Amino acid sequence: MNLFENKHHQQSMLISLRAASVSIAYTGYITDHLNADHAWIEGVLFNIHENEEHPFQQEFLQVFLESETTEQALWVNIGRLTGIRSSHDELLARIALHRGAFYSEALAKRQLQPTS
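So for the sequence shown, numbering that gives the first Met the number 0 puts the first residue at 0; every next one is plus one.
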């Protein structure tokens, strides 16, 4: 599906994005068991916080997928999320710190510093 075929749909998505709070929460090294001495994961973690008056449509997530991929994107309630990779848990903790939100008890034990 081409997300921009329908003009009304396109306008709705643009209004939602403009109304959202968009910020960079972290840039740099990401702790992961796949990291090695000469190869490691770095990333840019950005937060798009939806505006309740202009919510995102489900199709909005497809914007973040690479073309011709089998990947999927979906909204999840992180308050009930379990069994994720530790590197992903760290990224969610960084978002919580960035937003001033509660994430988990494990968050209090970590020494993650919020970025400005």
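All residues carry an ideal CB built from backbone N, CA and C; glycine is no exception. Remember, it's a predicted structure, so these values are computed and weren't measured experimentally.
Query raised in the report: In three-state DSSP terms, what is F45?
Result: Here residue 45 corresponds to residue number 46 of the sequence shown, with the count starting at 1. F45: strand per DSSP, three-state reduction.
Requested in this report: May I ask you to verify whether the region 16 to 30 touches the region 66 to 81, counting CB pairs closer than 8 Å and requiring at least 3?
Outcome: Cβ pair count under 8 Å is below three, so no.
Requested in this report: Determine the direct distance from the alpha carbon of G42 to that of A35, and round the result to whole angstroms.
Outcome: Translated into the one-based positions of the sequence shown, residue 35 becomes position 36. Translated into the one-based positions of the sequence shown, residue 42 becomes position 43. Inter-residue distance for A35 and G42 is about 16 Å (C-alpha atoms, whole angstroms).
Query raised in the report: Does DSSP classify Q110 as helix, strand or coil?
Result: Stepping through the sequence shown from its first residue, residue 110 is reached at position 111. With a pLDDT of 48 at Q110, under the threshold of 50, the modelled position of that residue is not reliable, and no figure is offered here.
Report task. Round the Cβ separation of I94 and L60 to the nearest angstrom and send it over; I've been treating them as touching at under 8 Å. Result -> Here residue 94 refers to the residue found at position 95 when the sequence shown is read from its first residue. Here residue 60 refers to the residue found at position 61 when the sequence shown is read from its first residue. Rounded, the Cβ-Cβ distance is 16 Å, inconsistent with contact.
Query raised in the report: Skipping 5 residues on each side, what residues in its chain have a beta carbon closer than 8 Å to that of L73?
Result: On the sequence shown, residue 73 is found 74 positions in, with the first residue counted as 1. Cβ within range, chain order: L60.
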